[in-house]
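My numbering puts the first residue of the sequence shown at 912, with every later residue one more than the last.
Using N, Cα and C, we set each Cβ at its ideal position, and we do this for glycine too.
First up is the structure itself, then whatever we jot down about it.
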Amino acid sequence: MAYDQAVAEPTSSTATLVARLDAELRDAHPLTILRKAFETFGDRLALVSSFGAESAVLLHLASQVSKDIPVLFLDTGMLFGQTLDYRKGLAAQLGLTQVRDLRPAFADLAVTDPKSDLWRTDTDACCHIRKVLPLDRALGEFDGWITGRKRFHGGDRLRLAVVEQAEGQIKFNPLANWGKAELDAYVDEYRLPAHPLVSQGFPSVGCWPCTKAVDDPNADVRAGRWAGQDKTECGIHVARAPGAAPNVGEGI
């Protein structure tokens, strides 16, 4: 039975399909994983990208499978200008035709963050209205999605599966097994442009209020995110009830 048939049949178990795909792909090359994801879901598959410090690798790999894959980009209204420029330039260079800018709903901002300073008092709530809710809305039309998370980022990602289930959808993590050496080698091989802030000491790039440069070259790659807070994720990859607010907070 083809994988796309298994997804379509109502008697098929999503959990069973996830287990089958993960067993098949857990040691596969990222390009093989992406091809299988596209074969399985076709136009019901999206890639979520922050166009951050490590994003070029996954986007380049995906462009080899399909330049028309929907790429969901969370324009939170709090991004560095360099990120917006990088998103435009990299998408054009790779020939990606379906980059979609997801923005927070005006009504949510008007009620919850009218002065755009919620990040000062409640970063979880800020991430929720600017990242989680817009992505939830956009993912409604897809059955599977792709992330750029990697185990070497540490924390909960140390146990990251290549294929996992998330609120009824199937999530692919093609770079789960890759470390910094593999990423750097790939960037060099294909001469991919770096995010402009990487050379300024930002190993990871998110929203400007909650992202700092890191002086220690041996620090965790995400050390500059929510520095000084007990927070490592924005809520996108946190298990929760649909529509519920996260209790921790990124990592696309």
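Same chain, Cβ closer than 7 Å to residue i, neighbours up to 5 away in sequence not counted
i	result
residue 1020	1040
residue 962	984, 994, 997, 998 and 1001
residue 1071	1060, 1062, 1084 and 1087
residue 1014	986, 988 and 1045
Classification of residue i by the beta-carbon crowding that lies within 10 angstroms, buried from 16 upward
i	result
residue 968	buried
residue 1102	exposed
residue 1059	buried
residue 1085	buried
residue 1117	buried
residue 959	buried
residue 964	buried
Straight-line gap, residue i to residue j (C-alpha atoms, nearest Å)
i	j	result
residue 1114	residue 1092	14 Å
residue 1048	residue 1003	26 Å
residue 972	residue 1097	10 Å
residue 1042	residue 1018	14 Å
residue 941	residue 951	15 Å
residue 970	residue 1023	33 Å
Residues of its chain near residue i, where Cβ-Cβ distance is below 6 Å and the 5 sequence neighbours each way are ignored
i	result
residue 957	981, 983, 1053 and 1056
residue 932	1074
residue 955	1053 and 1054
residue 1012	984 and 986
Chain-order list of residues whose beta-carbon lies under 8 Å from that of residue i (same chain, five-residue window excluded)
i	result
residue 946	976
residue 1027	988, 989 and 1020
residue 1008	978 and 979
Secondary structure, beta strand (DSSP E): runs of 3+ residues fully inside the segment 930-1015: 956-960, 982-985 and 1010-1013
Cβ contact (3+ pairs, closer than 8 Å) linking the segment 1026-1038 and the segment 935-948: no
Residue ranges of each beta strand (DSSP E) within the segment 1056-1080, 3 or longer: 1074-1077
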